[in-house]
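Those protein sequence lines, which keep their order, are chains A and B.
So in our numbering, spot 186 of the first sequence is number 186, and the numbers just go up one at a time.
So our numbering is basically just the index in the second sequence, starting at one, shifted up by 348.
Every residue, glycine too, gets a C-beta built ideally from N, C-alpha and C.
In this text the structure is predicted, and so the values were computed from the model without any measurement.
Number of protein chains: 2
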Amino acid sequence: MKRLNIGLIGATGAVGAEFLKILEERQFPFASLRLLASERSIGRTLLFNHQKLPVEVTTPQSIAGLEIVFISATTAVSKDYAALVAKAGGIAIDDSSAWRMDPEVPLVVPEVNRADLENQKGIISTPNCTTVPMVMALSPLHKINPIKRIVVSTYQAVSGTGRAAVEELSSQARSVLEGKSNVPHIYPHQIAFNVLPEVDVFMDSGYTREEWKMSEETKKIMHAPELLISATCVRVPVYVGHSEALHVEFSNPMDPGEAHRILAGSPGVKVLDDPAVSLYPHPWSAAGTDDVFVGRIRQDASHPNSLAMWLVVDNLRKGAALNAIQIAEELVKMDLVRSPRPTAARGT
Amino acid sequence: MKRLNIGLIGATGAVGAEFLKILEERQFPFASLRLLASERSIGRTLLFNHQKLPVEVTTPQSIAGLEIVFISATTAVSKDYAALVAKAGGIAIDDSSAWRMDPEVPLVVPEVNRADLENQKGIISTPNCTTVPMVMALSPLHKINPIKRIVVSTYQAVSGTGRAAVEELSSQARSVLEGKSNVPHIYPHQIAFNVLPEVDVFMDSGYTREEWKMSEETKKIMHAPELLISATCVRVPVYVGHSEALHVEFSNPMDPGEAHRILAGSPGVKVLDDPAVSLYPHPWSAAGTDDVFVGRIRQDASHPNSLAMWLVVDNLRKGAALNAIQIAEELVKMDLVRSPRPTAARGT
């Protein structure tokens, strides 16, 4: 297999750390790995395969000669650098929402729509961390019995916001346990021992952008523009692991046992569903794992063609870094990686 | 107003503590207050109105002569003692699920169906702590535009389970923050920094009893047996305050602004809904208050006749103790309180 020169923009973030772990675990075939971050991280080194690698500042020059660049930084960085990488002849695999709805950019979960990679033009987006597990769990069922409507409520971990949110949860939890009060910094209200129905900004419709993303991204990935989706996205005081309560209406009646069998045979999905022994997915046990876990599959009592179910995913791994790395692996397998121009790209 | 002899079975529990606070706050008109609990609590005293009151053991004799007995204990205690209170000529207002679906027992949220109290035969049930806020928020809308289907996901505080669960959340949170591992006692899995889609026992349908209760109790209270309801009930690491994400299908289109106006004018409901300034209900701010708080009212993007919304309630107060005390207040106003026989009741 061709050994690639790869880069990681956002190497010092919460998702960046997972990228490094997963590249190591999967022995991703690269010739060189360039760790990039903002100027704040100058002078830092990160451990990879028992080696200390320096963190470099992200500049247009820093991505020169890289075949694949993973980007997990701010949306502004994604906007600029994905375009620069593509212009230089490499492929950017971007974790932000900057490019996801661009019709020229494939939005890919390899288990669901790997074929869309064939249309890539140098930028590929990986979906929102709540969209990935939903399409993983629903696409295999949709192929058998087309889905008409999805109502979903989420329970989202603070690591989706980033390292500072993880620290804020810990420090707030400590001060509550000590009987002290808190001033929130990252979220508008306290998150420790609380839940907040606000993820990303509010839109005129009353939905948040996170809720809108779940809807629009799902339709794009599943090639199902007619799907009707309503989401309520809620932040919960969990470090890692997003959970979702799903109510899914199919075109025809769907037996819960059949859904169980289909999902149990779907790549990247594990069914954990034995209520008698309290077996169902929950974030504490899903953190650090690669699969989308599905449980509590049952006939929806409120609609003859609907199922209710519950899923959990590690939002940093399959919800973000792992999915991006799997996209890169597919690009290699599909022989879609080009040799970039050796010189630095220039911004426009 | 007639001054009553009242009793509180379960005085030392989490809901019991709220009962005492609320009786004091509302200056409930009683002549005597008997605090009752299990044998474990013998010798304890509780503060009420700056006075120390002794806790007595619950026995058939202990309820003799009481006009109203609030019961917030185990289901077994409710089964026995509600019947004994009724037999002795008093009225039991029971917080458990023991009697709620009994056709002879009114299940009441005063703001919604106070008229049902007229049919009481000595036992009145107060609904589950997730049902109370849902019917408070939906009944005013249902009267204008009949509701056909409700899909609801909950975010339930540990205090709903009781004092031991509150302590377990704190002790688990402490040990996680100290990097130590936990053995769960109250819940099947760790609850600190986790969410668990299991509240009450599982039924053959795949739903939990909690989910079933939300459905069946709502239909009974709203006198709407044709309502279709599907719930997913989830325990979250919050001390006090249950939240619910609701998707509600009406018979006809329902303007979110109209729903806002109707709810803002409904007794016991407060609308907190201004996304621009992150104004919406959340449990940390709802704990210790009496209202059902509703926010995030929006047109459901997945159905033309549906609204999505979010609500939060203090599960110990309006979700339990306050609602029971309001029932007692209504009984007095409606002149439904009888004088019990002065001698002790005998069990059958």
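CA-to-CA distance, residue j to residue i, given in whole angstroms
i: Val453 (chain B); j: Val15 (chain A); result: 55 angstroms
i: Ile93 (chain A); j: Phe193 (chain A); result: 35 angstroms
i: Gly347 (chain A); j: Leu336 (chain A); result: Below a pLDDT of 50, predicted positions are generally treated as unreliable, and Gly347 (chain A), at 43, falls in that range; the measurement from the model is reported next regardless. Going by the C-alpha atoms only, they are around 24 angstroms apart.
i: Ile221 (chain A); j: Ala328 (chain A); result: 17 angstroms
i: Ala345 (chain A); j: Phe48 (chain A); result: The predicted position of Ala345 (chain A) is uncertain, since its pLDDT is 47 and thus under 50; no value can be drawn from it.
i: Asn128 (chain A); j: Val312 (chain A); result: 14 angstroms
i: Ala82 (chain A); j: Ala505 (chain B); result: 43 angstroms
i: Pro573 (chain B); j: Leu465 (chain B); result: 19 angstroms
i: Ser654 (chain B); j: Glu597 (chain B); result: 4 angstroms
i: Gly265 (chain A); j: Ala137 (chain A); result: 11 angstroms
i: Ile68 (chain A); j: Arg338 (chain A); result: 9 angstroms
i: Gly288 (chain A); j: Leu316 (chain A); result: 9 angstroms
i: Leu20 (chain A); j: Ser487 (chain B); result: 53 angstroms
i: Leu23 (chain A); j: Ile325 (chain A); result: 7 angstroms
i: Pro188 (chain A); j: Leu169 (chain A); result: 13 angstroms
i: Met334 (chain A); j: Ser125 (chain A); result: 17 angstroms
i: Gly7 (chain A); j: Ala286 (chain A); result: 28 angstroms
i: Ser553 (chain B); j: Pro275 (chain A); result: 11 angstroms
i: Ile419 (chain B); j: Ser386 (chain B); result: 12 angstroms
i: Asn467 (chain B); j: Glu373 (chain B); result: 29 angstroms
i: Lys79 (chain A); j: Leu575 (chain B); result: 48 angstroms
i: Ser423 (chain A); j: Thr75 (chain A); result: Within the shown structure, residues of chain A are numbered from 1 to 348, placing residue 423 (chain A) beyond reach of any answer.
i: Asp290 (chain A); j: Ala521 (chain B); result: 25 angstroms
i: Asn369 (chain A); j: Pro29 (chain A); result: This structure gives no information on residue 369 (chain A), because the portion of chain A shown stretches from 1 to 348.
Whether residue i touches residue j by CB criterion (9 angstroms)
i: Asn353 (chain B); j: Leu414 (chain B); result: yes
i: Glu258 (chain A); j: Ala231 (chain A); result: no
i: Asp662 (chain B); j: Val586 (chain B); result: no
i: Glu18 (chain A); j: Leu331 (chain A); result: no
i: Val132 (chain A); j: Gly319 (chain A); result: yes
i: Cys581 (chain B); j: Met562 (chain B); result: yes
i: Ser445 (chain B); j: Ala421 (chain B); result: no
i: Arg44 (chain A); j: Ser62 (chain A); result: no
i: Val425 (chain B); j: Thr406 (chain B); result: yes
i: Ser642 (chain B); j: Leu620 (chain B); result: A small correction: the amino acid at residue 642 (chain B) is Val; Ser does not occupy that position in the sequence shown. It is a contact, given that the beta carbons lie within the stated cut-off.
i: Ile495 (chain B); j: Ala513 (chain B); result: no
i: Thr478 (chain B); j: His590 (chain B); result: yes
i: Ser501 (chain B); j: Ala593 (chain B); result: yes
i: Leu53 (chain A); j: Leu46 (chain A); result: yes
i: Tyr503 (chain B); j: Tyr155 (chain A); result: yes
Cβ shell of residue i (< 6 angstroms), same chain only, five flanking positions each side left out
i: Ala656 (chain B); result: His595, Arg646 and Asp648
i: Ser41 (chain A); result: Thr12 and Val55
i: Asn461 (chain B); result: Ile569
For residue i, three-class secondary structure by DSSP
i: Glu330 (chain A); result: helix
i: Asn5 (chain A); result: strand
i: Met562 (chain B); result: helix
i: Gln156 (chain A); result: strand
i: Asp290 (chain A); result: coil
i: Met657 (chain B); result: strand
i: Ala224 (chain A); result: coil
i: Thr422 (chain B); result: coil
i: Leu594 (chain B); result: strand
i: Gly695 (chain B); result: Because the pLDDT of Gly695 (chain B) is 43, which lies under 50, any placement of that residue in the model is unreliable, and the number read from its coordinates should be weighed accordingly. Residue state, collapsed to three classes: coil.
i: Val524 (chain B); result: helix
i: Ser578 (chain B); result: strand
i: Arg298 (chain A); result: strand
i: Arg583 (chain B); result: strand
i: Val311 (chain B); result: Since the first and last residues shown for chain B are 349 and 696, residue 311 (chain B) lies out of range.
i: Gln399 (chain B); result: strand
Anticipated Cβ contact below 8 angstroms, residue i with residue j, distance rounded
i: Met602 (chain B); j: Leu455 (chain B); result: About 26 angstroms; that fails the 8 angstroms criterion.
i: Ile229 (chain A); j: Ile150 (chain A); result: 5 angstroms
i: Pro267 (chain A); j: Glu111 (chain A); result: 5 angstroms
i: Glu546 (chain B); j: Thr556 (chain B); result: 6 angstroms
i: Ala436 (chain B); j: Ala463 (chain B); result: Not really, about 26 angstroms apart at Cβ, beyond 8 angstroms.
Cut-off 7 angstroms between Cβ atoms - residues of its own chain near residue i, not counting five sequence neighbours on either side
i: Gly510 (chain B); result: Gly361 and Ala362
i: Val292 (chain A); result: Pro133, Met136, Ala137, Gly268, Val269, Leu311, Val313 and Lys318
i: Trp560 (chain B); result: Met551
i: Lys121 (chain A); result: Ala86 and Glu104
Same chain, Cβ closer than 8 angstroms to residue i, five either side skipped, listed in chain order
i: Ile471 (chain B); result: Ala430, Ala431, Val433, Ala434, Ile439, Ala440, Asp442, Trp447, Asp450, Glu452 and Val453
i: Pro256 (chain A); result: Ile297, Arg298, Gln299 and Leu307
i: Ser529 (chain B); result: Ser523
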